[in-house]
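Trainee:
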Amino acid sequence: MNFTQMIIPLNITKTISDWIYSIMPETAASYTIMVVIAVAYLLLFAVAGLYLVLLERKVAAWFQLRIGPNRVGPWGLLQTMADALKLVSKELTSTIKIDKFLYNLAPYFVIVSAFMAMAVFPFSKQFQAFDINIGVFFLIAISSIGVIGILLAGWSSNNKYALIGAMRSGLQTISYELSVGLSILTMVLLTGTLQLSEIVEAQRTGGWLILQGHIPSVIAFMIFMVAGTAETNRAPFDLVEAESELGAGFHTEYSGMKFAYFFLAEFINMFIISSIAVVLFFGGWLSPFGITENIAWFPEVLWFIIKVVGLIFLMMWFRWTFPRLRVDQLLTLEWKYLLPLNLMNIVLMAIVIWLNWTI
Amino acid sequence: MSYFSDIYKGIKTLLTGMSVTGGYFIRARKGAITQQYPDNRETLKMFDRFRGEVVMPHNADNRHYCTGCQSCEIACPNGSIEIIWDRAVDPTTGKKKKKIDKHIYHLSMCTMCGLCIEACPTDAIVWAPNFENSVYDRSTLTKILNQPGSSVLDGIED
Numbered sequence: 002m003n004f005t006q007m008i009i010p011l012n013i014t015k016t017i018s019d020w021i022y023s024i025m026p027e028t029a030a031s032y033t034i035m036v037v038i039a040v041a042y043l044l045l046f047a048v049a050g051l052y053l054v055l056l057e058r059k060v061a062a063w064f065q066l067r068i069g070p071n072r073v074g075p076w077g078l079l080q081t082m083a084d085a086l087k088l089v090s091k092e093l094t095s096t097i098k099i100d101k102f103l104y105n106l107a108p109y110f111v112i113v114s115a116f117m118a119m120a121v122f123p124f125s126k127q128f129q130a131f132d133i134n135i136g137v138f139f140l141i142a143i144s145s146i147g148v149i150g151i152l153l154a155g156w157s158s159n160n161k162y163a164l165i166g167a168m169r170s171g172l173q174t175i176s177y178e179l180s181v182g183l184s185i186l187t188m189v190l191l192t193g194t195l196q197l198s199e200i201v202e203a204q205r206t207g208g209w210l211i212l213q214g215h216i217p218s219v220i221a222f223m224i225f226m227v228a229g230t231a232e233t234n235r236a237p238f239d240l241v242e243a244e245s246e247l248g249a250g251f252h253t254e255y256s257g258m259k260f261a262y263f264f265l266a267e268f269i270n271m272f273i274i275s276s277i278a279v280v281l282f283f284g285g286w287l288s289p290f291g292i293t294e295n296i297a298w299f300p301e302v303l304w305f306i307i308k309v310v311g312l313i314f315l316m317m318w319f320r321w322t323f324p325r326l327r328v329d330q331l332l333t334l335e336w337k338y339l340l341p342l343n344l345m346n347i348v349l350m351a352i353v354i355w356l357n358w359t360i
Numbered sequence: 626m627s628y629f630s631d632i633y634k635g636i637k638t639l640l641t642g643m644s645v646t647g648g649y650f651i652r653a654r655k656g657a658i659t660q661q662y663p664d665n666r667e668t669l670k671m672f673d674r675f676r677g678e679v680v681m682p683h684n685a686d687n688r689h690y691c692t693g694c695q696s697c698e699i700a701c702p703n704g705s706i707e708i709i710w711d712r713a714v715d716p717t718t719g720k721k722k723k724k725i726d727k728h729i730y731h732l733s734m735c736t737m738c739g740l741c742i743e744a745c746p747t748d749a750i751v752w753a754p755n756f757e758n759s760v761y762d763r764s765t766l767t768k769i770l771n772q773p774g775s776s777v778l779d780g781i782e783d
């Protein structure tokens, strides 16, 4: 790994890194900084994941004309913290005939792949842990590793529900990975780079990519949101953990903290899909029309968070509106509609760029 | 070209569904049907047809409508109602007439089936919306519905 690419220069982190370099030899210091960043990201996104769970419960309640959690803390803000504490303190039970090694390994696959993807996102100009020049490619690669964890969990549980759920997950991810990849590729045609920070910079002058690429961009965005929802195994594509058919699907046999890993990974994956969409279509941390560009103290990361929460809300809206698809409907949607449309869309985008019709 | 019209129709119907749920989301603050029960005990109003417990309404002069016909006692499938009655001389007509002494209602045995209220020919007993029926001593669940010193309203039997 190339250490020079590790940029961590938020002003606070700069003082910390200077201090660490001053008390340690260089190699030890760079490793220490890596550990510090890793711990900071872990804590940050664990808490972010918990609050996404709370948001989901609140939004679900409002969609169903309920009130939602409102007892623990003001407006129920500490509800998911309390839930997490409960899950940590619970006993880790399992059945006898499990494959112990794979059973214990599976949740870490899922959660680690989710956290790894977080590293490359440019939350603001300076807030990016790992700015590699193949960022988009890295994201597509990492996001498919999670499904290995799900397959392992289903297989090693030695339970028919878990196995069926895991196999459905494999099927679904293999199918929809194509659409995610191709719709991202459509946007990469427009930017001409795979580096996420440069994709954001490309939108500073020409406007957000969804405007630059107009019709093919909008189509790509719609396909990306559908396929992204499918990749995170959320309703209406939650065949994987269809509670009315499969108990809890692949994590039927998990309890306590291992269950919490799967649960948290689902919400972090939702965050990742929304973040990719924000970077590729909505200008990342750039403010709309540059309204806060000249305000030095304004935290750019706030724009990123606002956009991501907006897209997450869209996914929650999907979840609480649409009924679950059957397996054949799932495959029909991907192979007969999304994929051909996506290929046509790429050609359309290429023509648009070739004839310079971009805005 | 039904392929593209299918796509159009699909997107249109999905958006219709989303507009319905979106409307619910926006109205959630005003339209929330959740009752925050222990907090709103003072203002909580139960529904008209809610079956809490059987009561016997009395008017201002401590008069009720119960003639002691025992229809409710016969209608009750599990013996929740017992009527202790007597015969006394009616002062206006001078005839001997049936009147209730105690209308005993065992709330602990009642299944809220409502057959007694349907059976009552004079609507002397009705449902009350009171649902906080838990007590520390089960003997308090045996209630005497007619108030002490009350009597039947004149002319109910006619």
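In the order they appear, the protein sequences are chains A and B.
Plus 1 on top of the position in the first sequence (first one is 1) and you've got our numbering.
Plus 625 on top of the position in the second sequence (first one is 1) and you've got our numbering.
All residues carry an ideal CB built from backbone N, CA and C; glycine is no exception.
Computed from a predicted model, the values in this text were never measured in an experiment.
1) Does A/V227 come out as helix, strand or coil in the three-state DSSP assignment?
2) Please name the residue or residues paired with B/I768 in a DSSP beta bridge.
3) Whose C-alpha, out of A/L88, A/E242, A/V111 and A/I200, is nearest the C-alpha of A/L164?
4) Keeping to the same chain, check which residues put their C-beta closer than 6 Å to that of B/Q695; ignore five residues upstream and five downstream.
5) Is it buried or exposed, A/M2, if we count other Cβ atoms within 10 angstroms and call 16 or more buried?
6) Please classify B/S764 as buried or exposed, where buried requires at least 16 other C-beta atoms within 10 Å of its C-beta.
7) Give me the DSSP bridge partner(s) of B/D679.
8) Quick check on A/Q6: buried or exposed, where buried means 16 or more other Cβ atoms within 10 Å of its Cβ?
9) Determine the burial state of B/R659: buried for a count of at least 16 other Cβ atoms within 10 Å of its Cβ, exposed for fewer.
10) Drop a sphere of 10 angstroms on the beta-carbon of B/M737, count the other beta-carbons inside from all chains shown, and report buried for 16 or more, exposed for fewer.
11) With DSSP as the reference, label A/W321 as helix, strand or coil.
12) How big is the Cα-Cα spacing for A/F4 and B/K655?
13) Would you verify that the beta carbon of A/L93 is, or is not, closer than 8 Å to some beta carbon of chain B?
14) Among A/A85, A/V36, A/R58 and A/S90, whose alpha-carbon lies nearest the alpha-carbon of A/W76?
15) Leaving out five residues before and five after A/V309 in sequence, what residues of the same chain have Cβ atoms less than 8 Å from its Cβ?
16) Using a Cβ distance threshold of 8 Å, determine whether the segment 726 to 743 of chain B contacts the segment 672 to 679 of chain B, with at least three qualifying pairs required.
17) What residue ranges within the segment 190 to 227 of chain A form continuous alpha helix (DSSP H) runs of no fewer than 4 residues, ordered along the chain?
18) For the segment 639 to 660 of chain B, enumerate the residues whose C-beta is nearer than 9 Å to any C-beta of chain A, in chain order.
19) Starting from the beta carbon of A/F64, find every residue of chain B whose beta carbon is closer than 9 Å, and list them in chain order.
20) So for A/W63, helix, strand or coil by DSSP?
21) Quick one, are the C-beta atoms of A/V111 and A/A266 less than 8 Å apart?
22) Going by CA-CA distance only, name the one from A/L212, A/Y338 and A/R320 that's closest to A/T359.
23) Shortest alpha-carbon distance to A/D100 belongs to which of A/S157, A/L66 and A/A49?
24) What does the Cβ neighbour count give for A/H215, buried or exposed, with the cut at 16 atoms within 10 Å?
25) Starting from A/R235, trace the alpha helix (DSSP H) both ways and give me its first and last residue.
26) Label B/P716 either buried or exposed according to how many other C-beta atoms from any shown protein chain fall within 10 Å of its C-beta, with 16 as the threshold for buried.
27) Under 8 Å between C-beta atoms, does B/I729 make it to chain A?
28) Quick one: what's B/W710 bridged to in DSSP?
29) Taking the alpha carbon of A/L303 as the point to measure from, which residue in A/Y338, A/P123, A/F225 and A/L191 has its own alpha carbon closest?
30) Would you report the Cα separation of A/P10 and A/F128, rounded to the nearest angstrom?
31) Between A/V121 and A/L197, how many whole angstroms is the CB-CB distance? I'm expecting something under 8 Å.
32) Report buried or exposed for A/D239, applying the criterion of at least 16 other Cβ atoms within 10 angstroms of its Cβ.
33) If you follow the alpha helix (DSSP H) that B/C741 is in, where does it begin and where does it stop?
34) By DSSP's criteria, A/V328 is part of a beta bridge. Which residues make up the other side?
35) List the whole-angstrom C-beta distance separating B/A721 from B/V714, where the pair is believed to meet the contact cut-off of C-beta under 8 Å.
36) Going by DSSP in three states, B/S776 sits in which element: helix, strand or coil?
Mentor: Well, looking at it:
1) helix
2) With the sequence shown as reference, residue 768 of chain B is identified as Lys, and Ile is not the correct amino acid for it. BP columns for B/K768 point to B/Y730.
3) A/E242
4) I708
5) A caution first: A/M2 carries a pLDDT of 39, below 50, which makes its placement in the model unreliable, though a value can still be read off. Counting C-beta atoms within 10 angstroms of its own C-beta, A/M2 has fewer than 16 neighbours from the protein chains shown and is therefore classed as exposed.
6) exposed
7) This sequence places Val at residue 679 of chain B; Asp is not what is there. Answer by DSSP bridge pairing, in chain order: B/W752.
8) Its pLDDT being 43, under 50, A/Q6 is placed unreliably by the model, and the measurement read from it follows with that caveat. Exposed, because fewer than 16 other Cβ atoms sit within 10 Å of the Cβ of A/Q6.
9) Correcting the residue type first, residue 659 of chain B is Thr in the shown sequence and not Arg. Exposed is the call here.
10) So B/M737 counts as exposed.
11) coil
12) Because A/F4 sits at a pLDDT of 44, beneath the cut-off of 50, its placement in the model cannot be relied upon, and the point is left open.
13) no
14) Minimum Cα distance to A/W76 is reached at A/R58.
15) F272, S275, S276 and V279
16) yes
17) 197 to 207 and 210 to 213
18) L639, G642, M643, V645, T646, G647, Y649, F650, I651, R652, A653, R654, G656, A657, I658 and T659
19) Under the 9 Å cutoff, chain B gives T646, G647, Y649, F650 and A653.
20) helix
21) yes
22) Comparing Cα positions, the closest option is A/L212.
23) A/S157
24) exposed
25) That residue, A/R235, is in no alpha helix (DSSP H); it is neither H nor E in DSSP.
26) exposed
27) no
28) B/I725
29) A/P123
30) Here the model assigns A/P10 a pLDDT of 45, short of 50, so the residue's position is not dependable, and the following value carries that caveat. Straight-line Cα distance between these residues: approximately 7 Å.
31) Taking a contact as a CB-CB distance under 8 Å, the pair A/V121 and A/L197 counts as one, their CB atoms being some 6 Å apart.
32) buried
33) Start and end: L740 to A744.
34) A/V328 pairs with nothing; no bridge assigned.
35) A small fix is needed here, since residue 721 of chain B is Lys in this sequence, not Ala. Their Cβ separation, rounded to whole angstroms, is 6 Å, which keeps B/K721 and B/V714 in contact under 8 Å.
36) strand
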